[in-house]
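Residue numbers (full-length UniProt numbering), protein chains in the order written: chain A, 1 to 241; chain B, 1 to 241.
Encoded as structure tokens, the structure appears first; notes follow it.
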DNA sequence: AGAGATCAAGTGATCTATTCACTTCATGAG
DNA sequence: CTCATGAAGTGAATAGATCACTTGATCTCT
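Have a look at this one:
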């Protein structure tokens, strides 16, 4: 009654993760085929499939049709964003920015105190080539904030910021150009970078707070695209195939 | 080639989430049966099952054998912990505490500034009956830190702290009694509660930092139980059934 | 009439057996 | 040497069925 509380596919998923860990498989390495796994565990392929789907949802494994199943980035991750996020509303976007405004300044301060070498280099490259492409700007901005968190040397902090920005991604693609001032972003990133490079934690914290406050204010003054959804009552038939 | 990049089960999962949202289903509400869903979407039950497994992994739905499929707590969640966490090491426990030490003081300050009514009540109840049971102590402590984050009024901050503590849970069950000073925890919680009630953000921040620093130091001085695992090479045959 | 045992329907869990689609790579023709 | 061909391996999805569990209603005995 103690260990059988979990479903078969759940235990299977745990076992597969255990195999990945014990065999020291990293991102991109191939797993055994579904059929092999089914044989090894004495279950059938649909059951293995369910277990792998669970793992796919959390990014632990990735399917490549006709090729195989591979280890994904989620294998070493502890924090993550929900893969099935709700539609964003004005309130949710604002809540997200305010959460970042609370958390990221402290992360920036930690980054300035530690200054992990590799991450600081990432920081520089992300800050430098930020203005060139039109669509790449957001990606670079994400990269900057993630690299900033990584510079703290604490991967949990990096994962937290990554997860927050992944939540933002859904919103951002729709309303990015409304309040995203690339030039300003770039300038503020450079200031933060300097503070980190100097090991000035207080300045890094303050500049990050200012940076995110500017974004928050831009969200506040921008008008939101779709403020009244609920026109579709989920007709599944048509929209699927 | 644009939208067909996702697998069928992935699109199915999205559609099911959409049904839950458009029909305003909340935690505990029942979904249609697997067979019904299969009929509605024109696929077979194993396919529906894969989609539901994805959603189960993130807590969006819950299975109850013989009863049905129900909406789970993950439906409104944006941040979460990986359900298949790696085994904890001394380094990972330390990293976790240090991440909390960076993030939670800022959250406490935000909580003191906002002071959401309901959450403050939770805070009081969590702080009051914290010493009574032996096993409940940890649960109450979790409750306290989550309620503290909830008092900020920002559900994303609550979810972030919840996720961090969920990561901790795995470690904690093994080494809790080693460095968990319940009396001290309780006293420090009460101090933080007072600061929040007074709306003193600076004090709340400082006290939370002190509180977590004490925990970190306890971890530092404690000896870690299993510092050399890797004795099992994942023999799947025996350990499964 | 009420309390408890029993049964049947609905549902999830899982299996067996197949078919289809995609990728890969080695083979062979040009 | 290059490029097309095709076989093999793999994931994707289906069909149909069986077993186990939960639930609620019915039925029985008191």
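In this text, a Cβ means the ideal position worked out from N, Cα and C, and glycines have one as well.
Self-check item: Pairwise C-alpha distance: residue 216 of chain A and residue 219 of chain B
Solution: In the second chain, counting from the first residue as 1, residue 219 of chain B sits at position 219. In the first chain, counting from the first residue as 1, residue 216 of chain A sits at position 216. Computed Cα separation, rounded: 38 angstroms.
Between residue 112 of chain B and residue 201 of chain B, how many whole angstroms is the CB-CB distance? I'm expecting something under 8 angstroms. Here residue 112 of chain B refers to the residue found at position 112 when the second chain is read from its first residue. Here residue 201 of chain B refers to the residue found at position 201 when the second chain is read from its first residue. That belief holds up - the Cβ atoms of residue 112 of chain B and residue 201 of chain B are roughly 4 angstroms apart, short of 8 angstroms.
Item checked: CB contact below 8 angstroms: residue 14 of chain B versus chain A -> For the purposes of this step, residue 14 of chain B is taken as residue 14 along the second chain, with counting starting at 1. By this cut-off, residue 14 of chain B is an interface position.
Exercise. Could you check where the alpha helix (DSSP H) with residue 23 of chain B kicks off and where it finishes?
Worked result: The residue given as residue 23 of chain B occupies position 23 in the second chain. Note, residue 23 of chain B: premise wrong, no alpha helix (DSSP H); not H, not E.
So is residue 57 of chain A in contact with chain B if we call contact Cβ pairs under 8 angstroms? Numbered from 1 along the first chain, position 57 holds the residue referred to as residue 57 of chain A. It does; some Cβ of chain B falls within 8 angstroms.
Does any C-beta atom of chain A lie closer than 8 angstroms to the C-beta of residue 106 of chain B?
The count along the second chain starts at 1 and reaches residue 106 of chain B at position 106. The beta carbon of residue 106 of chain B falls within 8 angstroms of a beta carbon belonging to chain A, placing the residue at that interface.
Can you give me the Cβ contacts of residue 100 of chain A inside the same chain, cut-off strictly under 7 angstroms, excluding the 5 residues immediately before and after it? For the purposes of this step, residue 100 of chain A is identified with residue 100 of the first chain, where counting begins at 1. Closer than 7 angstroms at Cβ, skipping near neighbours: 164, 212.
Original post:
According to the Cβ coordinates, are residue 151 of chain B and residue 115 of chain B closer than 8 angstroms?
Top reply: On the second chain, residue 151 of chain B is found 151 positions in, with the first residue counted as 1. On the second chain, residue 115 of chain B is found 115 positions in, with the first residue counted as 1. With a cutoff of 8 angstroms on beta-carbon distance, residue 151 of chain B and residue 115 of chain B are scored as near each other.
**Contact list for residue 118 of chain B against chain A, beta-carbon separation under 8 angstroms** = As a working note, residue 118 of chain B is residue 118 in the second chain. Neighbours of residue 118 of chain B in chain A, taken as residues whose beta carbon is under 8 angstroms from its own, are absent, since the nearest beta carbon is some 17 angstroms off.
Between which residues of its own chain and residue 122 of chain B is the CB-CB distance below 6 angstroms, once the five residues before and five after are set aside? In the second chain, the residue the question calls residue 122 of chain B occupies position 122. Cβ within range, chain order: 147.
Please state the DSSP three-state secondary structure of residue 9 of chain B. The residue labelled residue 9 of chain B in the question sits at position 9 within the second chain. DSSP places residue 9 of chain B in the helix class (H, G or I) of the three-state scheme.
Quiz prompt | residue 97 of chain B - DSSP class collapsed to helix/strand/coil | solution = For the purposes of this step, residue 97 of chain B is taken as the residue at position 97 of the second chain. Helix at residue 97 of chain B.
- Leaving aside the five residues before and after residue 74 of chain A along the sequence, list all residues of the same chain whose C-beta is less than 6 angstroms from its C-beta, in chain order. For the purposes of this step, residue 74 of chain A is taken as residue 74 along the first chain, with counting starting at 1. Around residue 74 of chain A: 58, 59, 60.
Contact the segment 16 to 33 of chain B vs the segment 12 to 31 of chain A: 3+ CB pairs below 8 angstroms: At 8 angstroms Cβ cutoff, the stretches do not touch.
Along the segment 13 to 43 of chain B, what residues have a CB closer than 8 angstroms to any CB found in chain A?
-> Taking 8 angstroms as the upper bound on Cβ-Cβ separation, chain A lies near residues 13, 14, 15, 17, 18, 19, 21, 22, 23, 40, 41, 42 of the segment 13 to 43 of chain B.
Original post:
Taking the C-alpha atoms as reference points, what is the distance between residue 190 of chain B and residue 127 of chain B?
Top reply: Working through the second chain from its first residue, we reach residue 190 of chain B at position 190. Working through the second chain from its first residue, we reach residue 127 of chain B at position 127. Residue 190 of chain B and residue 127 of chain B: Cα-Cα distance of roughly 6 angstroms.
If we count the other Cβ atoms within 10 Å of its Cβ and call it buried at 16 or more, is residue 33 of chain A buried or exposed? Counted from its first residue, the first chain places residue 33 of chain A at position 33. Classification of residue 33 of chain A: exposed, given that the 10 Å Cβ count is below 16.
| said: Could you check whether the Cβ of residue 84 of chain A sits closer than 8 angstroms to any Cβ belonging to chain B? | reply: Residue 84 of chain A sits at position 84 when you count from the first residue of the first chain. Residue-level contact by beta carbon holds for residue 84 of chain A and chain B, with a gap shorter than 8 angstroms.
- Task: Go to residue 61 of chain B, then tell me how far its beta strand (DSSP E) extends in each direction, as first and last residue.
- Result: Numbered from its first residue, the second chain carries residue 61 of chain B at position 61. Taken as a continuous stretch (DSSP letters only), the beta strand (DSSP E) holding residue 61 of chain B covers 61 to 64.
Legend entry - Check whether residue 166 of chain A and residue 81 of chain A have beta carbons under 8 angstroms apart: On the first chain, position 166 is the one that residue 166 of chain A refers to. On the first chain, position 81 is the one that residue 81 of chain A refers to. Cβ distance < 8 angstroms, so residue 166 of chain A and residue 81 of chain A count as in contact.
### Message
Just verifying my parser: in three-state terms, what is the DSSP assignment at residue 148 of chain A?
### Response
Here residue 148 of chain A refers to the residue found at position 148 of the first chain. Three-state DSSP puts residue 148 of chain A in a helix.
Can you list, in chain order, the residues of the segment 156 to 173 of chain A whose Cβ is nearer than 8 angstroms to any Cβ on chain B?
Interface annotation for the segment 156 to 173 of chain A against chain B: 156, 157, 160, 163, 164, 167, criterion Cβ-Cβ distance under 8 angstroms.
Could you tell me which chain B residues have their CB closer than 7 angstroms to the CB of residue 46 of chain A, listed as they occur along the chain? In the first chain, the residue the question calls residue 46 of chain A occupies position 46. Per Cβ cutoff of 7 angstroms: 46.
Check your understanding: So what's residue 68 of chain B in DSSP terms, helix, strand or just coil?
Key -> Along the second chain, one-based indexing puts residue 68 of chain B at 68. Annotated three-state conformation of residue 68 of chain B is strand, per DSSP.
Looking only at DSSP bridge pairs, what is residue 116 of chain A linked to?
Here the question's residue 116 of chain A lines up with position 116 in the first chain. Beta-bridge partners of residue 116 of chain A (DSSP): none assigned.
Would a C-beta distance cut-off of 8 angstroms place residue 53 of chain A and residue 54 of chain B closer than the cut-off? Position 53 of the first chain, counted from the first residue, corresponds to residue 53 of chain A. Position 54 of the second chain, counted from the first residue, corresponds to residue 54 of chain B. Yes, the Cβ-Cβ distance between residue 53 of chain A and residue 54 of chain B is below 8 angstroms.
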